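Shown next, in structure tokens, is the structure this report addresses.
Numbering (our numbering), first residue to last: 87 to 394.
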């Protein structure tokens, strides 16, 4: 059985694991991440790979990274909290340094693939994965593979325009991220309370609501309604078998129940459309990116061997 080095590159740390081709973990660890220098980033990863290459007979390297990952070229476009990772060719740099094949994919896409391979969508072919955090991200799974779209924006559901308001006599459009992300909930509560949003987070708001805070209760109710509205739209755009929700909010035990309550209200008011989306929470939480990065690697290598 072959083993692989898998890295999940985040804004504050790099999670890594040695994994079997079946997706089982042999070892796990973390590396600090430099916020300014690719050289330091590169050296820490290469050193980690070389330390494990012979010990665990590592056959390849898989990356989960933020940004607009071009899997075929090995270059990351777009932007993220780590500007220095955008531009360098990961396949060439890390492949040359370790003499191992390298594959990389966007972190949201990896989280979705992890759930498709081993988690909440392991029996499904077509799934929409939603990550709710400071903003809203997502991934489209078609035939158990990532659908990226013509401009690598497939799954960028947070950009859906959900509401139009007037500002200075002109229409202003608000996206799903601006209205229904956890970050949006924090901003709305902070504005109503007249405090700095930095003093709040989602956990504090839900705790205050449980203690009877009226503002928090009202904004959470509106938050669930906006989530339901976006999920309804996704269902009728793509019609997936399931919509899977990830992000810290997915840890709430009543999340799905609350969204369904709002969806049922919405469905009652729309005469023609009656498909009730199937919603589930992600299963693998913090490990989904690692599992999905490996699954993406195996898919790519299999495709290459078939073409050869």
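Even glycine gets a Cβ: it sits at the ideal position worked out from N, Cα and C. Here the structure is a predicted model, which is why all the values come from computation and not from measurement.
Complete runs of the alpha helix (DSSP H) confined to the region 285-313 [at least 4 residues]: 288-296
Selection from 196, 176, 199 that minimises the alpha carbon distance to residue 188: The residue you call residue 188 lines up with position 102 of the chain shown. Of the candidates 196, 176, 199, the one whose C-alpha sits nearest the C-alpha of residue 188 is 176.
One or two residues paired with residue 367 in a DSSP bridge: On the chain shown, residue 367 is found 281 positions in, with the first residue counted as 1. Paired residues: 331.
Bridge partners - residue 231, DSSP secondary structure assignment: By 1-based counting over the chain shown, the position of residue 231 is 145. Looking at the DSSP assignment, residue 231 forms a beta bridge with 228.
Residue 387 CB to nearest heavy atom of the ligand FAD below 6 angstroms: Inclusion of the ligand FAD in the displayed structure is not the case, the ligand content being empty and no account of it being possible.
Whole-angstrom distance between residue 214 and residue 326, CA atom to CA atom: Start at 1 with the first residue of the chain shown, and residue 326 comes out as number 240. Start at 1 with the first residue of the chain shown, and residue 214 comes out as number 128. So the two alpha carbons sit approximately 6 angstroms from each other.
Cβ-based burial, residue 98 [other Cβ within 10 Å; buried from 16]: In the chain shown, residue 98 corresponds to position 12, counting from 1. Classification for residue 98: exposed.
Residue 335 vs residue 268 beta-carbon contact at 7 angstroms: Position 249 of the chain shown holds residue 335. Position 182 of the chain shown holds residue 268. For residue 335 and residue 268, yes; Cβs fall inside 7 angstroms.
Supposed contact pair residue 196 and residue 378 - C-beta distance, whole angstroms, cut 8 angstroms: Numbered from its first residue, the chain shown carries residue 378 at position 292. Numbered from its first residue, the chain shown carries residue 196 at position 110. With 8 angstroms as the limit, residue 378 and residue 196 qualify as a contact, their Cβ atoms being about 4 angstroms apart.
Per-residue DSSP class, three states only, for residue 337: The residue labelled residue 337 in the question sits at position 251 within the chain shown. Looking at residue 337 - three-state DSSP - the assignment turns out to be helix.
Residue(s) in a DSSP beta bridge with residue 256: Here residue 256 corresponds to residue number 170 of the chain shown, with the count starting at 1. Bridge partners of residue 256: 253.
Range covered by the beta strand (DSSP E) that runs through residue 214: For the purposes of this step, residue 214 is taken as residue 128 along the chain shown, with counting starting at 1. Note, residue 214: beta strand (DSSP E), 213-218.
DSSP-derived helix/strand/coil call for residue 108: Counting from 1 along the chain shown, the entry for residue 108 is found at position 22. Coil.
Residue 234 classed as buried or exposed, judged by whether at least 16 other C-beta atoms fall within 10 angstroms: Position 148 of the chain shown, counted from the first residue, corresponds to residue 234. Classification for residue 234: buried.
Presumed contact (8 angstroms Cβ cut-off) between residue 155 and residue 91, rounded CB distance: Working through the chain shown from its first residue, we reach residue 155 at position 69. Working through the chain shown from its first residue, we reach residue 91 at position 5. Their Cβ separation, rounded to whole angstroms, is 18 angstroms, which puts residue 155 and residue 91 out of contact at 8 angstroms.
For residue 101, the residue or residues it bridges with in DSSP: In the chain shown, counting from the first residue as 1, residue 101 sits at position 15. Partner(s): 94, 116.
Residue 149 - partner residues in DSSP beta bridges: Here the question's residue 149 lines up with position 63 in the chain shown. Per DSSP, 93, 190.
Counted within 10 angstroms of its Cβ, other Cβ atoms place residue 118 as buried (16 or more) or exposed: Stepping through the chain shown from its first residue, residue 118 is reached at position 32. Its Cβ having fewer than 16 others within 10 Å, residue 118 is exposed.
Helix, strand or coil at residue 223 [DSSP, three-state]: Numbered from its first residue, the chain shown carries residue 223 at position 137. The answer is strand: DSSP assigns residue 223 an E or B state.
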